[in-house]
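Student: My questions all concern the structure below.
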Amino acid sequence: MADIRNNFVGIKSPNPFWLASAPPTDKAYNVIRAFKAGWGGVVWKTLGEEGPPVVNVNGPRYGAIWGADRRLLGLNNIELITDRDLQTNLREIKQVKMDWPDRAIVVSLMVPCVEEAWKAILPVVEETGADGIELNFGCPHGMSERGMGAAVGQVPEYIEMVVRWCKQNTRMPVITKLTPNITDVRKPARAAHAGGTDAVSLINTINSITGVNLDSFAPEPTIDGKGSHGGYCGPAVKPIAMNMVAEIARDPETAGLPISGIGGITTWRDAAEFMALGAGNVQVCTAAMTYGFKIVQEMIAGLENWMDEKGHRSLDDIVGRATPNVTDWQYLNLNYVAKAHIDQDACIKCGRCHIACEDTSHQAITSMVHGARHFEVIEEECVGCNLCVNVCPVENCITMEPLAVGAMDKRTGKPVSPHYANWTTHPNNPMAKVAAE
1 MADIRNNFVG IKSPNPFWLA SAPPTDKAYN VIRAFKAGWG GVVWKTLGEE
51 GPPVVNVNGP RYGAIWGADR RLLGLNNIEL ITDRDLQTNL REIKQVKMDW
101 PDRAIVVSLM VPCVEEAWKA ILPVVEETGA DGIELNFGCP HGMSERGMGA
151 AVGQVPEYIE MVVRWCKQNT RMPVITKLTP NITDVRKPAR AAHAGGTDAV
201 SLINTINSIT GVNLDSFAPE PTIDGKGSHG GYCGPAVKPI AMNMVAEIAR
251 DPETAGLPIS GIGGITTWRD AAEFMALGAG NVQVCTAAMT YGFKIVQEMI
301 AGLENWMDEK GHRSLDDIVG RATPNVTDWQ YLNLNYVAKA HIDQDACIKC
351 GRCHIACEDT SHQAITSMVH GARHFEVIEE ECVGCNLCVN VCPVENCITM
401 EPLAVGAMDK RTGKPVSPHY ANWTTHPNNP MAKVAAE
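Each residue of the sequence shown is one higher than the last, beginning at 1 in full-length UniProt numbering.
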């Protein structure tokens, strides 16, 4: 059987599934239940400095986006860091780590961007026996207005400075959690790397307003007639998160930097995709909040079964396997040609492929043939865009079939070339042309 034990920057856990720093990890009661369900580790909900705890709103804290079947696709959260006393959290962390020594416990931290504040909190966290710390440079609401969270994560110089403070003042591995609310995620990752971080984790939540109540004309969730932007998470953010993970994994300046992947992970497949793009493990929040802690059992079984089926013996066999296949658009092979093909036996004749192609693409699918309702690809018009594949409600009814080298492309009237060619060398690219002397 595949070995899914995880060793992330020296932090060991029985599997790569950790709960992210969030409401599910706010107290010992939750964490113990999570460990009993099978989670390999947790990132304890973000702790602040000694003193009066932060104050959360006493009303709705979540907004949501649902699919047509009311499946939760995205969650907007306006909750802040822990509103429990620091010492209470520290006592619980210490006890849980003593009782569950084989599970990973990483403590998320957020204090003012002052060296003395970090030097004060690091030793008391270290005394708990925690396995590591995660620097919360991503929270986009509430705390960022106080000069913390994303307010730090959006300034690479601050990231490097705080990471360096932490590395100088603790023996614990330092994981730097990055904000997605930035133009180029590689820059904060490079800054964290320059500061000596042991790893980065991403993504934190995305600035968002998920809806407006059209009776009160206030954003949801609404607090006494007013609303605020919050942090967006859940399945809807997965594509954004995976792109950012891949950007860091393939950046020459951060290549090899360990990554903990976060963002919309709901199934074992999601986790495997993140790891294939370079994540050494994954963190989960919304899925646990939607389906409960036992969802990890499906993730564990699914990952093990898939790895056994494919012959992958350990996580090292899959981590980063897809990274070399991520490239920039300009390097894609322009001589590759594929055409859509409709399986007539599987077709239910709904017509969605025809409508999508006819109205919004290339008019490359019939609706009638010899007076009968029939959907068939017109190869002379098909550009291989695969929109029809994505709108078809029947899985594998429409597939993309590559044309063999030398085969005639009926759309262009030219044979498929055996040679690789990309935009950097294409004759239509003005930058590829030799300048006149």
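The C-beta atom is built at its ideal place from N, Cα and C for all residues, glycine as well.
Let's test the definition: count the other Cβ atoms within 10 Å of the Cβ of residue 520 and tell me whether it reaches 16, buried, or not, exposed.
Tutor: The requested residue 520 is not part of the displayed model; the chain covers only 1 to 437.
Student: Please report the straight-line C-alpha distance between I223 and V55, rounded to a whole angstrom.
Tutor: As a working note, residue 223 is residue 223 in the sequence shown. As a working note, residue 55 is residue 55 in the sequence shown. Each residue's Cα considered, the two are about 14 Å apart.
Student: Using a Cβ-Cβ cutoff of less than 7 Å, which residues in the same chain neighbour I105 once the five nearest sequence positions on both sides are dropped?
Tutor: As a position in the sequence shown, residue 105 is number 105, starting the count at 1. Closer than 7 Å at Cβ, skipping near neighbours: G41, V42, W44, I93, V96, K97, A130, D131.
Student: L109 and T46 - do their beta-carbons sit closer together than 9 Å?
Tutor: As a position in the sequence shown, residue 46 is number 46, starting the count at 1. As a position in the sequence shown, residue 109 is number 109, starting the count at 1. Yes, they are a contact pair.
Student: Quick check on the burial criterion: 16 or more other C-beta atoms within 10 angstroms. Buried or exposed for Y232?
Tutor: Position 232 of the sequence shown holds residue 232. Buried: at least 16 other Cβ atoms inside 10 Å.
Student: In chain order, which alpha helix (DSSP H) runs of at least 4 residues are fully inside the region 27 to 60?
Tutor: Runs of the alpha helix (DSSP H) inside the region 27 to 60: 28 to 37.
Student: I209 and G263: beta carbons closer than 9 Å?
Tutor: By 1-based counting over the sequence shown, the position of residue 209 is 209. By 1-based counting over the sequence shown, the position of residue 263 is 263. In this structure, G263 does not lie closer than 9 Å to I209 by Cβ.
Student: Drop a sphere of 10 angstroms on the beta-carbon of D198, count the other beta-carbons inside from all chains shown, and report buried for 16 or more, exposed for fewer.
Tutor: Counting from one through the sequence shown, the residue named residue 198 turns up at place 198. Result: buried.
Student: Could you compute how far the alpha carbon of L387 sits from the alpha carbon of I300?
Tutor: For the purposes of this step, residue 387 is identified with residue 387 of the sequence shown, where counting begins at 1. For the purposes of this step, residue 300 is identified with residue 300 of the sequence shown, where counting begins at 1. Using only the alpha carbons, I get a separation of about 33 Å.
Student: Can you tell me whether T425 is helix, strand or coil according to DSSP?
Tutor: One-based indexing of the sequence shown puts residue 425 at position 425. Reduced to three states, the DSSP call for T425 is helix.
Student: Please work out which residues of its chain come closer than 6 Å, Cβ to Cβ, to N207, disregarding the five sequence neighbours upstream and downstream, and give them in chain order.
Tutor: Residue 207 sits at position 207 when you count from the first residue of the sequence shown. P140, N181, H229.
Student: Using DSSP's beta-bridge definition, name the partner residues of R171.
Tutor: As a working mapping, residue 171 is identified with position 171 in the sequence shown. R171 is not bridged to any residue.
Student: Taking DSSP as the reference, what is the three-state secondary structure of M148?
Tutor: In the sequence shown, counting from the first residue as 1, residue 148 sits at position 148. Of the three classes helix, strand and coil, the one that applies to M148 here is coil, per DSSP.
Student: With DSSP run on the structure shown, which of helix, strand or coil describes M110?
Tutor: Translated into positions along the sequence shown, residue 110 becomes position 110. The answer is coil: DSSP assigns M110 none of H, G, I, E or B.
Student: Whole angstroms is fine: what's the gap from V326's alpha carbon to V282's?
Tutor: In the sequence shown, residue 326 corresponds to position 326, counting from 1. In the sequence shown, residue 282 corresponds to position 282, counting from 1. Going from the Cα of V326 to the Cα of V282 covers about 20 Å.
Student: Rounding to the nearest angstrom, what Cα-Cα distance links D102 and E116 in this structure?
Tutor: The residue given as residue 102 occupies position 102 in the sequence shown. The residue given as residue 116 occupies position 116 in the sequence shown. Rounded to the nearest angstrom, the two C-alpha atoms are 32 Å apart.
Student: In chain order, what are the residue ranges of uninterrupted beta strand (DSSP E) at least 3 long that sit wholly in the region 251 to 325?
Tutor: The region 251 to 325 contains these whole beta strand (DSSP E) runs: 259 to 262, 281 to 284.
Student: Which residues mark the beginning and the end of the alpha helix (DSSP H) in which residue 458 is found?
Tutor: With the chain running from 1 to 437 in the structure shown, residue 458 is simply not present.
Student: Can you name the start and end residues of the alpha helix (DSSP H) that G230 belongs to?
Tutor: Locating residue 230 in the sequence shown gives position 230, where the first residue counts as 1. Note, G230: premise wrong, no alpha helix (DSSP H); beta strand (DSSP E) at 230 to 233.
Student: Which same chain residues end up closer than 8 Å to V107 when comparing Cβ atoms and leaving out the 5 residues on each side of it in sequence?
Tutor: Here residue 107 refers to the residue found at position 107 of the sequence shown. Taken in chain order, the residues that qualify are V43, W44, L47, I93, V125, T128, A130, G132, I133, E134.
Student: Report buried or exposed for E160, applying the criterion of at least 16 other Cβ atoms within 10 angstroms of its Cβ.
Tutor: Here residue 160 is taken as the residue at index 160 of the sequence shown, counted from 1. Buried: at least 16 other Cβ atoms inside 10 Å.
Student: How many angstroms separate the CA atom of I11 from the CA atom of D215?
Tutor: The residue labelled residue 11 in the question sits at position 11 within the sequence shown. The residue labelled residue 215 in the question sits at position 215 within the sequence shown. Spanning the two alpha carbons is a distance of roughly 50 Å.
Student: Confirm the yes/no value for this check: CB of G48, any heavy atom of the ligand FMN, distance under 8 Å.
Tutor: Summarising the ligand content, the structure contains no ligands, and the ligand FMN is consequently not present.
Student: To which residues of the same chain is N422 closer than 7 Å at the C-beta, ignoring the five residues directly before and after it?
Tutor: As a first step, residue 422 must be located in the sequence shown, where it is residue number 422. Result list for N422: Q330, Y331, L332, N333, L334, in chain order.
Student: Thinking C-beta only, is P188 closer than 9 Å to M148?
Tutor: Residue mapping note: residue 148 aligns to position 148 of the sequence shown, counting from 1. Residue mapping note: residue 188 aligns to position 188 of the sequence shown, counting from 1. Their beta carbons are not under 9 Å apart, which means M148 does not touch P188 by this criterion.
Student: Could you tell me which residues DSSP puts in a beta bridge with L72?
Tutor: Indexing the sequence shown from 1 puts residue 72 at position 72. DSSP, once it has assigned bridges, lists W66 as partnering L72.
Student: Bridge partners of T176, per DSSP?
Tutor: What you label residue 176 is simply residue 176 of the sequence shown in a count that begins at 1. DSSP, once it has assigned bridges, lists L135, V200 as partnering T176.
Student: When the Cα atoms are used, what is the spatial distance from E376 to H354?
Tutor: Start at 1 with the first residue of the sequence shown, and residue 376 comes out as number 376. Start at 1 with the first residue of the sequence shown, and residue 354 comes out as number 354. C-alpha separation (whole angstroms): 9 Å.
Student: Along the chain, where does the alpha helix (DSSP H) that runs through K238 open and close?
Tutor: Taking the first residue of the sequence shown as position 1, residue 238 is located at position 238. Note, K238: alpha helix (DSSP H), 238 to 249.
Student: So what does T399 bridge to, in DSSP terms?
Tutor: Taking the first residue of the sequence shown as position 1, residue 399 is located at position 399. In DSSP, T399 forms a bridge with H341.
Student: Between which two residues does the beta strand (DSSP E) carrying N6 extend?
Tutor: Taking the sequence shown and counting its residues from 1, one reaches residue 6 at position 6. It spans 6 to 8 - the beta strand (DSSP E) in which N6 sits, taken as one unbroken run.
Student: Where DSSP assigns a beta bridge to L334, which residues make up the other side?
Tutor: One-based indexing of the sequence shown puts residue 334 at position 334. In the DSSP output, where bridge partners are listed per residue, L334 has none listed.
Student: Count the C-beta pairs between the region 289 to 306 and the region 387 to 405 that are closer than 8 Å, then say yes if the count reaches three, no if not.
Tutor: Counting Cβ pairs under 8 Å, fewer than three are found: no touch.
Student: Less than 7 Å between C-beta atoms, sequence neighbours within five positions excluded: which residues of the same chain meet that for R352?
Tutor: By one-based count along the sequence shown, residue 352 stands at place 352. Hits under 7 Å: V391, C392, P393.
Student: Nearest to G320 by CA position, among E380, A338, R250, is which residue?
Tutor: Reading the sequence shown from its first residue, position 320 is the one you call residue 320. Per the Cα distances, R250.
Student: Give me the residue from I65, L73, R70, A120 with the minimum Cα distance to L86.
Tutor: In the sequence shown, counting from the first residue as 1, residue 86 sits at position 86. Taking only the C-alpha atoms, the option nearest L86 is A120.
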